[in-house]
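Enquirer: This structure is in structure tokens; I'll ask about it shortly.
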Amino acid sequence: MTAPVRQAAHHVLTDVDRNRYDLATALDHGRRDLGDSRDRALLGEIAFGVYRWRAALDHIISQLSSRALTNIDDSVMRILRVALYQLTTLDRIPPHAVVADAVALTRQIGVSSASGFVNAVLRTYTERRRPINFPLIPACKNDDIVEHTAAVNYLSVTLSHPRWLIERWLDRHGWTATAAWVRFNNRRPPVAIRPLLNRLSQSELTAKLRRAGIHTVPTRVAQRGLIVTEGSISTAGEELTMEYITQEEGAQVITELVCNLTATLKNPAILDVCAAPGVKTVGLACNGNPVRVVATDYRERRITLLRENLAKHNISNTSVVQLNAEQPLPFTAAFDVIVVDAPCSGLGILRRDPDIRWRRTAEELKTFSTRQLRMLKFASEALRPQGWLVYSTCSTEPEETNAVIQQFLSERRDFRVRRPPTPQLNNYIEPDGFLRTLPFRDGIDGFFAATLQKQIP
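The sequence shown: position 195 = 198 (the working numbering), numbered continuously.
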């Protein structure tokens, strides 16, 4: 009988690989049938680990197998990846149990003809019958790569990233930055939280968490956030969880930027486009200044998530409107601040969502940018003169960042790029006036924001 957690891991990977769900949603489904908290934690460890190290795991399989990877059934590849991740990384699990479960799983999912193959591959690894060789770190002089192909092989195979993405980053940023970036992406992200500033301060939240046995340190780039260093916020208690949001530090920077824009306005009206699941919306609604927020999204499931998050934090100054942001919006030009946190490739948050690196292609970037520009143009119609339009993405790629803004400005001459009035973020605002965080430089996920102001006719 296969261990339930390893069955669940196979189902999670299947759901993600077949584009049924992203990894976070697939894990949420997979954990529902696991009663033991240790199993739920192990499921997350295995699933995240497989997607972080998928290229390296496939490289091991290629060296252990007599078959080409393209000739191995997808289900069998998933079984082998899960087993090899455990064998290479999780030394508390007995190897014989991992191998036995992998073989049993082939029968349970209807590929029993592959049981002998799976057994042979895994036993070849556990018994060290064959050496495993990885591409080595290339020779570099200063930041110049002596052997470009060797660099791509090392970063894409040994450090497990898509080749097309490595090529892009090397061309733009060079060896040192790219190597630091992919290593950053392969580390586990810390838990970052942000207090709801109309209820308590950063120091008050720190003290409350400490009394609950949870220790934190301030975020380095974001001004109000905390990083959990000891303990689990899941033990904080329901009453305390209403007083903060769990939000990655790079996303907190975007929230702070918008909050600073509203600080000098009297009871401003904010439109939050593509707002689900609502974490940012809660942060905007509870930023310590009186505001009115309209939060929108399109799909029914995302609207439900948005409403649930607002209800969880007892938010009363926010309305929810279901709409398609790629069509004209049902609003007059009445908003003081509009935030277009557009759907994007997510290539800036590969540390947090490692499955994205394998689900994206270079060709998709143009599709994303076309949608982003359309949303930005329709949203801009709802902004009053002298209002602020904030465009943000969790992407680092030029097609989804600078190029979108340049195209928008070429069509809308009544908008200007304005440096945001956020002195504390000056180190992250580049000469073109755009805010950008880069993992290899800033130690947080990659985010982009442009602040545009609408001119008086």
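The beta carbon of each residue, even a glycine, is placed where N, CA and C say it ideally should be. As the structure is a prediction and not an experimental result, all values here were calculated from the model.
1) Could you give the residue range of the beta strand (DSSP E) that holds Gly390?
2) Does the distance from the C-beta atom of Val276 to that of Ala382 stay below 8 Å?
3) I'd like to check one pair, Phe443 with Ala180: are the Cβ atoms closer than 8 Å?
4) Within its chain, find whatever has a CB closer than 8 Å to the CB of Gly286; leave out the 5 residues flanking it on each side and keep chain order.
5) Rounded to a whole number of angstroms, what is the C-alpha to C-alpha distance between Thr129 and Leu392?
6) For Leu90 and Gly52, I'd like the C-alpha separation in whole angstroms.
7) Determine the DSSP secondary structure at Pro221, reduced to helix, strand or coil.
8) Let me know the secondary structure DSSP gives Ser159 once reduced to three states.
9) Less than 8 Å between C-beta atoms, sequence neighbours within five positions excluded: which residues of the same chain meet that for Arg171?
10) Leaving out the 5 sequence neighbours to the left and right, which residues in its chain are closer than 7 Å to Gly240 when beta-carbon positions are compared?
11) Nearest by alpha-carbon distance to Leu428: which of Arg227, Gly33, Trp184 is it?
12) Does the beta-carbon distance from Leu72 to Ser78 come in below 8 Å?
13) Nearest CA to the CA of Leu376: which residue from Ala86, Glu402, Arg43, Ser322?
14) Helix, strand or coil for Pro97, going by three-state DSSP, please let me know.
15) Per DSSP, Ala272 forms a beta bridge with which residues?
16) Here's a check: name, in chain order, each residue in its chain whose Cβ is nearer than 7 Å to the Cβ of Thr92, leaving out the five neighbours to either side.
17) Pro134: buried (16+ other C-beta within 10 angstroms of its C-beta) or exposed?
18) Entirely within the region 347 to 374 and at least 4 residues each: give me those alpha helix (DSSP H) ranges in chain order.
19) For Arg43 and Val15, what's the separation of their Cα atoms in angstroms?
Expert: This is what the structure gives:
1) 386 to 396
2) yes
3) yes
4) Arg197, Leu199, Ile248, Gln250, Gln255, Thr258, Cys262
5) 57 Å
6) 12 Å
7) strand
8) helix
9) Ala365, Glu400
10) Ala215
11) Arg227
12) no
13) Glu402
14) coil
15) Arg295
16) Gly52
17) exposed
18) 359 to 362
19) 12 Å
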